[in-house]
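Position one of the sequence shown corresponds to residue 10 (the working numbering), numbered consecutively onward. Glycine included, every Cβ here is placed at the ideal spot set by N, Cα and C. For reference, the structure discussed in these notes is given below.
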Amino acid sequence: MPHLPLKRWLLSMGTTLLLGNSAWADVALPEIFSDHMVLQRSVPVPVWGWAAPGEQVTVNIAGQTRSATADDSGNWKIMLGKLSAQNPLTLTVAGHNTIVIQDVLVGEVWLGSGQSNMQLSVNDVTNAGSEIASANFPQIRMFTVARRPAITPQTNCEGQWVVCTPESVGSFSATAYFFGRELHQKLGVPVGLIHSSWGATPIETWTSLPSQAGAPVLAPVLKQWQATLRLPYDEAKAQAQYARALATWTTNAEALKAAGKTIPPKPQKRGDPRLDKNYPANLFNGMINPLIPYAIRGAIWYQGENNTANDWASLYAVQLPLMIEDWRQRWQEGDFPFAWVQLPNFAPHNNATNWPVIRECMLQSLAVTNTGMAITMDVGDPVNIHPKNKQAVGHRLALWAFAKVYGQDVPSSGPLPAGHNIKGDEITLSFTHTDGGLVAKDGELKGFAIAGADHHWTPAMARIHGDQVVVSNPEVKSPQAVRYAWAANPDCNLFNGAGLPASPFRTDDWQ
C-alpha cells in the first residue's frame with residue numbers, strides 16, 4: 010500500500026481499533042482526493058484507492074452510494090454516476106476505517122501541464138498586484154502536483170487543493186488560472202485546475218516510455234538519453250568527487266574574493282542520470298500517471314521551448330500528437346479536448362531557426378481531432394523567454410474552449426492557412442478563422458516572404474483580398490512558395506476581425 014501523509018488518515022471506527030493488522034487494513038486514497046477538491050460534472054466519476062485485499066469499500070456522495078472490493082493487490086475502484094454542479098458536498102469513503110473529504114465542489118476540471126511558461130506564477134505576471142488583490146474566487150481551486158521524477162509509473166503524488174483567494178493565488182500557475190477564471194466567470198460553475206509542470210523540460214519526459222518506444226522515428230531521442238547510462242552511477246564516488254570539487258572551489262573562492270575578482274558558481278553534485286527530470290517518461294511517471302483516471306474535461310499545454318534546443322526539433326510534429334494520444338488512451342475518456350499555446354515571439358541567442366520549426370509542428374498537430382491552439386505571436390517578449398502577459402494566453406485558450414468544448418458562438422483561433430494558388434507572378438493564400446475579415450494591424454501588411462525555384466527568399470508585398478492574401482515581388486517572376494512570420498521574433502501583423510493574430514506558416518517543405 011502506498012505511503013500517505015499522516016494528516017490524510019482518520020482513526021479507524023468501532024472494533025477496527027482492536028485489529029492487530031489495522032495499519033494494513035486502512036482504506037487509503039490518492040492525494041488528489043482531498044478537501045476542497047473539484048469533481049468533473051456531467052460525466053461518470055472514478056474514485057479509487059487501496060485497502061486490504063478482499064476488503065469492501067463504500068463511497069458516498071450527493072445521495073449516491075457505491076461499493077467495491079479490493080483485489081488481491083489491494084486496489085479498488087468505483088464509478089460514481091454523473092454529478093451536477095451544486096453546493097459543497099462531502100465525500101465519504103468507508104471500509105475498516107472512514108475517510109471524510111469536505112468542501113467538495115462539482116464543476117469543470119482541467120489539467121494544465123508543460124514547462125516554465127505553464128509553471129510561471131501569478132506573482133510574476135503583468136499587473137500582478139491588482140490581479141492578486143481581485144482574486145476572490147472561492148469556487149476556483151488549484152491542485153499543484155509536487156515536482157518529482159520517477160523511473161516507473163507512480164500511483165500517487167504530493168499536492169493539495171487550494172481555494173483561490175488573494176492570499177493564495179500568487180503561487181498559482183498564471184496560464185491555468187487566467188484560463189480557469191474566464192471559464193468560471195462565463196460558465197458560472199466551479200472550476201478545478203490540476204497543475205503539473207516543470208520548467209526547462211522537453212516533451213519526451215511527459216510521455217510514457219512504451220508510447221515513445223513504439224514510434225521508430227523517435228529512436229534517436231531515446232538513444233541519446235540511453236547513452237548517459239553507459240557508465241553505472243556510483244553514489245559514493247559521486248559524493249567523493251563533489252566533496253573534492255567543493256573544497257577546491259572554497260579555497261579558490263576565498264582567494265578570488267580577496268583579489269576582488271568574480272567567483273564562479275559552486276560545483277554541483279553529479280546525480281543519477283536515470284533520475285534526471287528530463288529523462289524520457291520520468292515526469293509522466295511521477296507527475297501525470299498518478300492523476301489517471303481522475304475525471305477531467307480536458308487539458309491545456311504550454312511547452313516546446315526546450316525542444317528548440319536540440320537537433321530533432323522537427324520531431325515535435327510526431328511527439329505532440331503522440332503525447333496527446335498517449336494521455337487519452339490512458340485516461341480512457343475518448344478524445345478529450347486538448348489545446349496548447351503556440352510559442353510566442355522571442356529572440357533567442359541560439360537555435361533561433363528552430364523556433365519557427367516548433368511553431369509549424371504545433372500548427373500541423375491541429376490535424377489531431379478535438380485539439381486547438383492559442384496563437385501568441387503578439388504577446389511574447391523578444392528579450393524574455395517568460396513573457397508576463399499570461400492574461401492574453403489564458404483568454405485565447407478560453408476562447409477555444411468556449412467555442413469547441415462548450416458550444417458558444419465565439420472565435421476560437423486566429424487565422425490559419427487553408428491552401429494557396431499560384432498564378433503568374435502572384436501567390437494567393439487562403440485562410441480559415443477570419444472572423445469578420447482579415448486585418449493588417451497598425452499599418453500595411455507585413456511579415457511575408459516569397460521565393461522562386463532558386464529557394465532565395467525575398468520580402469514580399471502583400472495585400473488583403475477578402476479572406477485571402479495576395480503576395481508578390483517584382484523580382485520574383487515565377488514564385489514557388491511563401492512564408493509568413495518565419496523567424497523567432499518576426500515583424501508581422503496579420504490578424505482577424507476578432508483581434509486574434511495569424512499563425513506563422515510556410516507553403517514549402519524545403520530544408
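Quiz item: Under a three-way DSSP split, which group does residue 13 fall into?
Solution: The residue you call residue 13 lines up with position 4 of the sequence shown. No answer about residue 13 holds up, because its pLDDT of 44 lies below 50 and its placement is not dependable.
Quiz prompt | Spatial distance of residue 478 from residue 110 (CA atoms) | solution = Walking along the sequence shown from the start, residue 478 turns up at place 469. Walking along the sequence shown from the start, residue 110 turns up at place 101. Cα to Cα, residue 478 sits roughly 57 Å from residue 110.
Quiz item: Taking the continuous beta strand (DSSP E) assigned at residue 386, which residues delimit it?
Solution: For this step, residue 386 is matched to residue 377 along the sequence shown. Segment: none, residue 386 is in no beta strand (DSSP E) and carries neither H nor E.
Quiz prompt | Proximal residues to residue 155 (C-beta, below 7 Å), its chain only, five neighbours per side dropped | solution = Position 146 of the sequence shown holds residue 155. Within its own chain, the residues whose Cβ lies closer than 7 Å to the Cβ of residue 155, once the five positions on either side in sequence are excluded, are 166, 167, 168, listed in chain order.
Quiz item: Touch check for the region 80-97 and the region 45-64: three-plus C-beta pairs under 8 Å?
Solution: Contact holds: three or more Cβ-Cβ distances are below 8 Å.
Practice problem: Could you give the DSSP three-state label for residue 41: helix, strand or coil? | Solution: Indexing the sequence shown from 1 puts residue 41 at position 32. Looking at residue 41 - three-state DSSP - the assignment turns out to be coil, as it is neither helix nor strand.
Practice problem: Report all residues from its chain with a CB closer than 8 Å to the CB of residue 238; omit the five preceding and five following residues, and keep chain order. | Solution: Here residue 238 is taken as the residue at index 229 of the sequence shown, counted from 1. Apart from the 5 residues on each side of it in sequence, residue 238 sits with its Cβ closer than 8 Å to the Cβ of 282, 283 in its chain, given in chain order.
Exercise. For the alpha helix (DSSP H) holding residue 141, just list the boundary residues, first then last.
Key: Walking along the sequence shown from the start, residue 141 turns up at place 132. Residue range 137-142 is occupied by the alpha helix (DSSP H) that includes residue 141.
Quiz item: Which whole-angstrom value is the C-beta distance of residue 370 and residue 311, which I expect to be below 8 Å?
Solution: Locating residue 370 in the sequence shown gives position 361, counting from the first residue. Locating residue 311 in the sequence shown gives position 302, counting from the first residue. In this structure residue 370 does not touch residue 311 by the C-beta definition: roughly 15 Å separates them, more than the 8 Å allowed.
Quiz item: So is residue 400 buried or exposed if we call it buried at 16+ other beta carbons inside 10 Å?
Solution: Mapped onto the sequence shown, residue 400 falls at position 391. Buried, because 16 or more other Cβ atoms sit within 10 Å of the Cβ of residue 400.
Quiz item: DSSP puts residue 311 in a beta bridge; with which residues?
Solution: Here the question's residue 311 lines up with position 302 in the sequence shown. Beta-bridge analysis with DSSP links residue 311 to 123.
Exercise. Assign residue 163 to one of three DSSP states: helix, strand, or coil.
Key: Here residue 163 refers to the residue found at position 154 when the sequence shown is read from its first residue. Note: residue 163 maps to coil in three-state DSSP.
Quiz prompt | Residue closest to residue 183, alpha-carbon to alpha-carbon, out of 222, 219, 127 | solution = As a working note, residue 183 is residue 174 in the sequence shown. It is 127 whose Cα lies nearest to the Cα of residue 183.
Practice problem: Please report the Cβ distance between residue 455 and residue 500, rounded to the nearest whole angstrom; I am assuming they are in contact, meaning their Cβ atoms lie under 8 Å. | Solution: Residue 455 sits at position 446 when you count from the first residue of the sequence shown. Residue 500 sits at position 491 when you count from the first residue of the sequence shown. Here residue 455 really is in contact with residue 500; their C-beta atoms are around 6 Å apart, less than 8 Å.
Quiz prompt | Close-in-space but distant-in-sequence residues of the same chain around residue 301 (CB under 7 Å, 5 per side omitted) | solution = As a first step, residue 301 is located in the sequence shown; it is residue number 292 there, counting from the start. The residues 339, 340, in chain order, have a CB closer than 7 Å to that of residue 301 in the same chain once the five nearest residues on each side in sequence are set aside.
Self-check item: Distance, residue 59 Cα to residue 82 Cα
Solution: The sequence position of residue 82 within the sequence shown is 73, counting from 1. The sequence position of residue 59 within the sequence shown is 50, counting from 1. The straight-line gap from Cα to Cα measures roughly 9 Å.
Self-check item: Candidates 358, 131, 391, 153, of which the one nearest residue 143 by Cα
Solution: The residue given as residue 143 occupies position 134 in the sequence shown. Its Cα nearest to that of residue 143, the residue 131 stands out among 358, 131, 391, 153.
Self-check item: One or two residues paired with residue 367 in a DSSP bridge
Solution: Counting from one through the sequence shown, the residue named residue 367 turns up at place 358. Residue 367 pairs with nothing; no bridge assigned.
Quiz item: For residue 209, which option in 244, 316, 270, 381 has the closest C-alpha, if you only look at C-alpha atoms?
Solution: Position 200 of the sequence shown, counting from 1, holds the residue named residue 209. That would be 316, whose Cα lies nearest to the Cα of residue 209.
Exercise. Give the DSSP bridge partners of residue 421, in chain order.
Key: For this step, residue 421 is matched to residue 412 along the sequence shown. Answer is none; residue 421 lacks a bridge partner.
Quiz item: Looking only at its own chain, which residues have a Cβ that is under 8 Å from the Cβ of residue 80, when we skip the five neighbours before and after it?
Solution: As a position in the sequence shown, residue 80 is number 71, starting the count at 1. Within the same chain, residue 80 has close Cβ partners 62.
Self-check item: Residue of 187, 507, 431 minimising C-alpha distance to residue 418
Solution: Translated into the one-based positions of the sequence shown, residue 418 becomes position 409. When only C-alpha atoms are compared, the closest one is 507.
Quiz item: So, residue 336 versus residue 297, is the Cβ gap smaller than 9 Å?
Solution: Numbered from its first residue, the sequence shown carries residue 336 at position 327. Numbered from its first residue, the sequence shown carries residue 297 at position 288. Yes, they are a contact pair.
Exercise. Work out the CA separation of residue 224 and residue 292 for me, nearest whole Å.
Key: Within the sequence shown, residue 292 is the residue found at index 283, counting from 1. Within the sequence shown, residue 224 is the residue found at index 215, counting from 1. Looking at the two C-alpha atoms, the distance is approximately 19 Å.
Quiz item: Is any heavy atom in the ligand GTP found nearer than 8 Å to the beta carbon of residue 51?
Solution: Only the bare structure without any ligand can be found here, which leaves the ligand GTP out of the picture.
Quiz item: Using a Cβ-Cβ cut-off of 8 Å (strictly less than) and excluding sequence neighbours within five positions of residue 3, which residues of its own chain qualify?
Solution: Because the chain is modelled from 10 through 520, residue 3 falls outside the range shown and cannot be assessed.
Quiz item: Can you list, in chain order, the residues of its chain whose CB lies under 6 Å from that of residue 177, leaving out five sequence neighbours each side?
Solution: One-based indexing of the sequence shown puts residue 177 at position 168. The beta carbon of residue 177 sits closer than 6 Å to those of 171, all from its chain and outside the five residues before and after it, given in chain order.
Self-check item: Close beta carbons around residue 70, own chain, < 6 Å, minus the five adjacent residues each side
Solution: Locating residue 70 in the sequence shown gives position 61, where the first residue counts as 1. Same-chain partners within the cutoff: 98, 100.
Exercise. Could you round the C-beta distance between residue 458 and residue 492 to whole angstroms and report it? I think they count as a contact, below 8 Å.
Key: Working through the sequence shown from its first residue, we reach residue 458 at position 449. Working through the sequence shown from its first residue, we reach residue 492 at position 483. Contact flag correct, Cβ pair sits at about 5 Å.
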